[in-house]
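Following: one structure in structure tokens, then a few remarks.
Protein chains in written order, with my numbering: chain A, 7 to 330; chain B, -17 to 272.
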């Protein structure tokens, strides 16, 4: 029995944990931008962490349930409402057949993850239900959900308990000045020492061009390049390189002007130099940044990156333990 | 030799050479093949590119430094291998100066370095050709090597198989377009790109192919096994077609009747470097053997 989409918000897509393994063909892994929130929402409703749910940006959808289900909303502070009555986020919520799930205004963060018991059971493509509109893969016919869509649900697994919630200390949202830890590398040597300093010293702001493909930042000083004769086939701009692969989280700065951090739906390659990569532990946070949020990039080494990753893993382990 | 650098805690990026060459590409391909064959636990993505490559791995399974040490070891073995490839040559029909890319380029003249000229007129001029026709002929007379697949879904980058002095080089648009027709033949730096899907792009637009190269529904007969047509190492011959043939092939593709002309071939980089025109002539012979 499906869920009927009454309104869809600004951009609500079906996402799971993505389709790794095809990046060499320009098909990104995709999946939830904030993976910890997606996993937590699934755990709250008794789903496997890999189940598909909805990722809503800024504005939630209105969904009519045609059967009883458990629902949880994690990530952004986008409070769910049942038949108009508000309920807490990060908490398992019982929905009765015929009820309408809607959302209050966004209070914090950018992306809310809506998990439903049984998981959304649309057709997987290349092993994932994640929506990748550029390649028309996953989702509903390869696109975001629209009013009038019916979303099929899978069979509920473990029985979940209504009212169970993720403890506040295990929830993760960026600070008011977000700090994104970055490992310098890749083509870091292409910019001058002064620009290497100013990049980390300056406070940047999230630009309006901020989506699943990448987040653009503005407001810091432009970067200066170490002079060189451009290599054959690299292109004439000093920020150009011979077209290469782009790591997820890599920071490219076309013409030294505005940094772009590539995210889950990254373009897999291109001809811009990159000065480093946001560490894996901080990728989730980027998905929760609203436009105009001040951001500071923080230089870290590999050891710190791996420590942060371990810490993020133990956070997830605590959530699993609490909800098991 | 190659330059190894970490892309955060999950990637290693290896720059074989700053500049493009078939030698650098073959090293990248040999290395990525070696990594694939080694079946290293924790490796999740293996991405060859033009003159570099990238490995994505799970640092919970393999320490980044250990991963890098293994890659460096593999380079020593890969270095000794002969640059030979069993591959295929594919004929791709191209309608140069088509109305669709023309309409698109006219919408974005303000983003072009020479708004008074078409992309082809500009490309011909900066490469020293006195006519667009001669430039088009130079574009399709020699075969091209797929040296990278990426950017978006199944988009191939191709490198011209001629001596560097004859290679076409064209700057990209000053500011990228927000639109490019699906299956546009684009050009930037020293690469042809075949846009697999409609979308943003900064390459100069030369023409369009009626041949589908990405089909997520996998209904196209030659894409039933996999939705992406090209892979690194493929060799391509562009064949100029007119509007009439474009319409015919488009109808054939839609009806599931079109099959691209292609043949299996062996390619040796040493043979190619010793005699480029001769090697290319043999490739053409193989392609049109029946």
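Where a beta carbon is used, it is the ideal one built from N, C-alpha and C, also for glycine.
In this text the structure is predicted, and so the values were computed from the model without any measurement.
How would you list, in chain order, the residues of chain A whose beta-carbon sits under 9 Å from the beta-carbon of residue i?
i, result
"residue -9 (chain B)", "189, 283, 285, 286, 287, 308, 311, 312, 314, 315"
"residue 108 (chain B)", "Per Cβ cutoff of 9 Å: no residues; residue 108 (chain B) is ~11 Å from chain A at best."
Give the residues of chain A in contact with residue i, contact being defined as C-beta atoms less than 7 Å apart.
i, result
"residue 33 (chain B)", "248"
"residue -17 (chain B)", "Within 7 Å Cβ-Cβ: nothing; residue -17 (chain B) doesn't reach chain A, min ~16 Å."
"residue 258 (chain B)", "None at all; the shortest Cβ gap to chain A is about 17 Å."
"residue -12 (chain B)", "189, 191, 308"
Determine, using beta carbons only, whether residue i and residue j come nearer to each other than 8 Å.
i, j, result
"residue 189 (chain A)", "residue 306 (chain A)", "yes"
"residue 188 (chain B)", "residue 104 (chain B)", "no"
"residue 256 (chain A)", "residue 192 (chain A)", "yes"
"residue 197 (chain B)", "residue 70 (chain B)", "no"
"residue 270 (chain A)", "residue 39 (chain A)", "yes"
"residue 290 (chain A)", "residue 134 (chain A)", "no"
"residue 176 (chain B)", "residue 137 (chain B)", "yes"
"residue 114 (chain B)", "residue 191 (chain B)", "no"
"residue 162 (chain B)", "residue 148 (chain B)", "no"
"residue 186 (chain A)", "residue 292 (chain A)", "yes"
"residue 46 (chain B)", "residue 30 (chain A)", "no"
"residue 12 (chain A)", "residue 60 (chain A)", "no"
"residue 37 (chain B)", "residue 125 (chain B)", "no"
"residue 34 (chain A)", "residue 250 (chain A)", "no"
"residue 159 (chain A)", "residue 104 (chain A)", "no"
"residue 184 (chain A)", "residue 299 (chain A)", "yes"
"residue 221 (chain B)", "residue 122 (chain B)", "yes"
Give the straight-line distance between the Cα atoms of residue i and residue j, rounded to the nearest whole angstrom.
i, j, result
"residue 7 (chain B)", "residue 32 (chain B)", "5 Å"
"residue 130 (chain B)", "residue 274 (chain A)", "10 Å"
"residue 253 (chain A)", "residue 272 (chain B)", "44 Å"
"residue 242 (chain A)", "residue 64 (chain A)", "39 Å"
"residue 81 (chain B)", "residue 216 (chain A)", "33 Å"
"residue 120 (chain A)", "residue 78 (chain A)", "6 Å"
"residue 145 (chain B)", "residue 165 (chain B)", "27 Å"
"residue 231 (chain B)", "residue 237 (chain B)", "10 Å"
"residue 44 (chain B)", "residue 215 (chain B)", "29 Å"
"residue 58 (chain A)", "residue 130 (chain A)", "10 Å"
"residue 221 (chain A)", "residue 239 (chain B)", "43 Å"
"residue 58 (chain B)", "residue -14 (chain B)", "14 Å"
"residue 249 (chain B)", "residue 116 (chain A)", "51 Å"
"residue 323 (chain A)", "residue 42 (chain A)", "11 Å"
"residue 107 (chain A)", "residue 55 (chain A)", "22 Å"
"residue 122 (chain A)", "residue 14 (chain A)", "16 Å"
"residue 133 (chain B)", "residue 139 (chain A)", "14 Å"
"residue 184 (chain B)", "residue 151 (chain B)", "14 Å"
"residue 35 (chain B)", "residue 132 (chain A)", "23 Å"
"residue 156 (chain A)", "residue 313 (chain A)", "43 Å"
"residue 163 (chain A)", "residue 330 (chain A)", "13 Å"
"residue 89 (chain B)", "residue 227 (chain B)", "26 Å"
"residue 8 (chain A)", "residue 49 (chain A)", "21 Å"
"residue 170 (chain A)", "residue 100 (chain A)", "11 Å"
"residue 268 (chain B)", "residue 171 (chain B)", "29 Å"
With residue i and residue j assumed to form a contact (beta carbons below 8 Å), what rounded beta-carbon distance in angstroms separates them?
i, j, result
"residue 212 (chain A)", "residue 46 (chain A)", "24 Å between Cβ atoms; not a contact."
"residue 167 (chain A)", "residue 98 (chain A)", "6 Å"
"residue 1 (chain B)", "residue 239 (chain A)", "6 Å"
"residue 128 (chain B)", "residue 208 (chain B)", "At roughly 15 Å, the Cβ-Cβ gap does not stay under 8 Å, so residue 128 (chain B) and residue 208 (chain B) are not in contact."
"residue 137 (chain A)", "residue 19 (chain A)", "4 Å"
How about residue i: is its C-beta nearer than 8 Å to some C-beta of chain B?
i, result
"residue 273 (chain A)", "yes"
"residue 140 (chain A)", "yes"
"residue 78 (chain A)", "no"
"residue 192 (chain A)", "yes"
"residue 303 (chain A)", "no"
"residue 204 (chain A)", "no"
"residue 52 (chain A)", "no"
Using a beta-carbon distance below 8 Å, is residue i in contact with chain A?
i, result
"residue 198 (chain B)", "yes"
"residue 36 (chain B)", "yes"
"residue 154 (chain B)", "yes"
"residue 181 (chain B)", "yes"
"residue 131 (chain B)", "yes"
"residue 217 (chain B)", "no"
"residue 2 (chain B)", "yes"
"residue 201 (chain B)", "no"
"residue 69 (chain B)", "no"
Interface residues of chain B around residue i at Cβ under 8 Å?
i, result
"residue 131 (chain A)", "198"
"residue 33 (chain A)", "135, 136, 210"
Any heavy atom of the ligand NAP closer than 7 Å to the beta-carbon of residue i?
i, result
"residue 43 (chain A)", "As presented, the structure is devoid of all ligands, the ligand NAP included, so that no description of it is given."
Kindly list, in the order they appear in chain B, the residues whose Cβ is closer than 9 Å to that of residue i.
i, result
"residue 319 (chain A)", "42"
"residue 36 (chain A)", "Those within 9 Å of residue 36 (chain A) in chain B number zero; the least Cβ separation is about 12 Å."
Residues of chain A with CB under 8 Å from residue i, in chain order?
i, result
"residue 172 (chain B)", "238, 239"
"residue 26 (chain B)", "26, 27"
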